[in-house]
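Presented below is the structure to which this report refers.
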Amino acid sequence: MLSERVAGVEWGPSVDRSWLSELNPQQREAATYPDGPVLVIAGAGSGKTKTLACRVAWLLQQGVPADRILLLTFTRRAAAEMLDRASRITGPGATGRIWGGTFHSIANRLLRQYGRSLGLAPEFTVIDQGDAADLMDLIRTELGLTESRKRFPQKGTLAALYSRSVNSRTKVSEVARRHFPWTEDSLEGITQVFRVYTERKRRSLLLDYDDLLLFWRALAIAPGVGDEVADRFDHILVDEYQDTNSIQAEILQGMRRTRPQMMVVGDDAQSIYSFRAATVRNILDFPQQFPGAAVVKLEQNYRSTQPILDASNAVMARATERYEKNLFTLRGGVSKPVLTTCLDEGEQCSAVCDRILSKREEGIALRDQAILFRTGHHSDQLEVELSRRNIPFLKFGGLKFVEAAHVKDMLALVRLLDNPRDELSWHRVLQLLEGIGPASARRIVAQISGSAPATEESEGEADTVEVVDPLHRFLSQPPAVPAAAQEDIASLRAALTDCLEGDPPVASQIERIRRFYEPIFRRLYENPSVRLRDLDSLEQIASGCPSRAQFLSDLALDPPASTQDLAGPPLLDEDYLILSTIHSSKGSEWDAVHLIHVSDGNIPSDLATGSEAEIEEERRLLYVAMTRARDALYLYFPLRYYNRPRGRGDRHSYAQLTRFIPPEDWHYYEREGSHQSTPVDAAGTGDPKTDAAAAVDALLGDLWS
DNA sequence: CATTTATAAATTTTT
DNA sequence: TTTATAAATG
């Protein structure tokens, strides 16, 4: 008899299940769990991706139709990787119709299809947090809040406050008090801005990231259509559950109100997104929120050597609150992680580069090594050094190309064609024209969007106030503009007309828009050559998109994650090093990991030491970084920081090793570098004067830090 | 009055 | 390198 019972499931003789034997018992239990709901607690390196990929393959082999499986991940890249692994088991093509992506991108997809039943027009435009901030800024000036004598919070702060309040479903005043205390004086103005902001979004057919979740939640709990949407999926799988927020948990509850088939996977020790209102409670409360839920724990680490795991576990052992878990590995290994003390950042740069090159000599390719850091700019100086030494690299996290002003300009132009009611884009585009600033832009927008007295009573159509769309009004009734702007506005109108007539392909619309934009671009920016490449990339991306709407949604929801910032010529098959923020490194692993700036003030970040909870999150961040390493882990720590950024000034301050690695834990590491004993008082730089000064300054620093 | 130009200041992590 | 505010210009 060839068929056999595996975790309660009958297997036919024709199905190849050899791949299942590669899983350990817990992984197999998770991958073949009959229905759900089930929570998988997956420690770092415990084969979480493999398990999820196997579950997908298993479901397909069970006969679940691909388009009835929903796989929610943290990034689109993660979804693609998982589906790729699944298709290696099931054969190519089988995973193609699976719904895979982030909560936000799936929301976008569902709302285009079902949004109408919620009163949401399907041609809405998705705006990112930067756009949201810009819109709030616009409203802030309109309301005259900039002229008040008290300083009003910056637009970025406003957007962060708003988003956190929405996602945690907490009152603005409460969020302000706890996380943005300096804004408390302006609360009245802030709530006013938020009120107008929501009105304006609706009127302009804009959805921000938070709206995508809120509307999906509304869709999932709606009486009629909610059933239809929930019934679309036989199985729902969620990765990185520790980094979801309460709205996302409610979405899942709505989506699973009649069916139990759901699996969520996460690790509370790797929760690092509470600034986005993610909450560990989702994991802890899962059994209550989804009655009858089973819990499976994956505790065997397949990634790291024992010494690396020991050091990482020591960091987490000092956490105030954690979910008990016994992570173990069968991988031996004798080399401890190395903790290198450097005199200053320059020495850190050369230490890292030297080590990377010597690892490469040992046979560890650049692509199997990574440099990780807390914030995007921590790698600035290192990037210069890498380029100087001709070490090619690819950087993840930090500034993205969609955030560059010239890219935003181009996108605003495209958006107008797609959604003429998008006031934010109108403002941006109009101010590109010579002689038009905020005031003229506002006047023109009012005129063409119909809120001006120009709106005749709209006869029959009682409930549609805007009969004529602003774009056509802009083209048919040219608004009065200052003399200086005449020429620019004429060329803008010509460009827009060309893009509308005959509905040409997306790429040629972009090309036409670029032809309009380039002269303005050259006038606006000093060194156009570097930025010009970005415009090329935009055209490149557009050429692969079937529609304008898709082009815009893709860029808003899944912006290119890395800078094209290769030190050498960007050859695809070339060996290159990975540079990444710790946040962006989530889910990845490398043979050798180099973690830089492991000092107090960087980890934990000075900006995150406000509350106990924030410090604990920084601790988990360090843990996540350390557990990315398979065979070798290097921590670097510069003693001295120059106060004046890249100035030649001598003023500097002294840092201490991160508080998460106290002296009692130093035995987990191999110590090396300029200072052999303690980071602050040792000799050995060959310059007694410097050392003495270092010791004195550090002593003083202790008194008031 | 609106816009442009000049000057000074600030800068987490991301869908 | 971007962004807020102040002074100068059209």
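The numbering used here numbers the first residue of the first sequence as -9 and each following residue consecutively.
We treat Cβ as the ideally placed atom computed from N, Cα and C, and that holds for glycine.
Just how far apart, CA to CA, sit Y624 and L482?
-> 54 Å
If you draw a straight line from the alpha carbon of M400 to that of F280, how long is it in whole angstroms?
-> Approximately 46 Å, taken between the alpha carbons.
Closest residue to E174 among E164, V183 and Q182 (Cα-Cα distance) | Minimum Cα-Cα distance from E174 among the listed residues E164, V183 and Q182 corresponds to E164.
When DSSP builds the beta bridges, which residues end up paired with E711?
-> In this structure the chain extends from -9 to 695, so residue 711 is not present and cannot be described.
Using alpha carbons as the reference points, say which of D200, G109 and L195 lies closest to L151.
-> D200
Between P250 and G282, is the Cβ-Cβ spacing less than 8 Å?
-> yes
From this set, S155, L227, R154 and T22, which residue's C-alpha is nearest L62's C-alpha?
-> It is L227 whose Cα lies nearest to the Cα of L62.
For L197, count neighbouring C-beta atoms within 10 Å of its own C-beta (all shown protein chains included) and say buried if the count is 16 or more, exposed if not.
-> buried
Within the same chain, show all residues whose beta-carbon is closer than 7 Å to that of Q338, passing over the 5 residues directly before and after it, in chain order.
-> C332, I586, Y626 and P628
Determine the closest residue to M72 out of I241, T41 and R271, with distance taken between C-alpha atoms.
-> Taking only the C-alpha atoms, the option nearest M72 is T41.
Continuous beta strand (DSSP E) assignments of at least 3 residues falling wholly in the region 133 to 219 = 196 to 198
Mind checking K161: buried by the 16 CB within 10 Å criterion, or exposed?
-> exposed
Between the C-alpha atoms of H657 and R308, what's the straight-line distance to the nearest angstrom?
-> 16 Å
Let me know the secondary structure DSSP gives I79 once reduced to three states.
-> helix
Taking DSSP as the reference, what is the three-state secondary structure of A598?
-> helix
Among S574, P82 and D358, which has the Cα closest to the Cα of Y566?
-> D358
L227 - DSSP class collapsed to helix/strand/coil | strand
DSSP beta-bridge partners for Q371?
-> According to DSSP, which records beta bridges pairwise, Q371 is partnered with nothing at all.
From the DSSP output, in three-state form, read off R521 for me.
-> The three-state reading of DSSP puts R521 in helix, counting H, G and I together.
Between which two residues does the beta strand (DSSP E) carrying C535 extend?
-> Element bounds for C535: n/a, residue is neither H nor E.
Who pairs with W580 in a beta bridge, going by DSSP?
-> A619
Quick one: what does DSSP say V30 is sitting in, helix, strand or coil?
-> strand
Residue interval of the alpha helix (DSSP H) (run including R483) = Q476 to L490
For S158 and S176, the rounded distance between their alpha carbons = Their Cα atoms are separated by approximately 21 Å.
Exposure of R45, with buried meaning 16 or more beta-carbon neighbours within 10 Å = buried
If you draw a straight line from the alpha carbon of L10 to that of V28, how long is it in whole angstroms?
-> Each residue's alpha carbon lies about 19 Å from the other.
Residue burial classification, N316 (beta-carbon count within 10 angstroms, cutoff 16) | exposed
How would you call F318, buried or exposed, if buried means at least 16 neighbouring beta carbons within 10 angstroms?
-> Burial is judged here by how many other beta carbons sit within 10 angstroms of a residue's own beta carbon; F318 has fewer than 16 and is exposed.
V254 - DSSP class collapsed to helix/strand/coil | strand
Cα separation between E477 and S439?
-> 22 Å
Going by DSSP, which residues form a beta bridge with E660?
-> V328
Pull up the distance between the alpha-carbon of I262 and that of G336, whole angstroms please.
-> Roughly 29 Å between the two C-alpha positions.
Using the Cα positions of G120 and E375, report the straight-line distance between them to the nearest angstrom.
-> Their backbone Cα atoms lie some 31 Å apart in a straight line.
At a cut of 8 Å, does the region 602 to 621 reach the region 254 to 271 through at least three beta carbon pairs?
-> yes
Please report the residue range of the alpha helix (DSSP H) in which V419 lies.
-> E413 to L420
Find out if the Cβ-Cβ distance for the pair N98, L522 is shorter than 8 Å.
-> Going by C-beta atoms, N98 is not nearer than 8 Å to L522.
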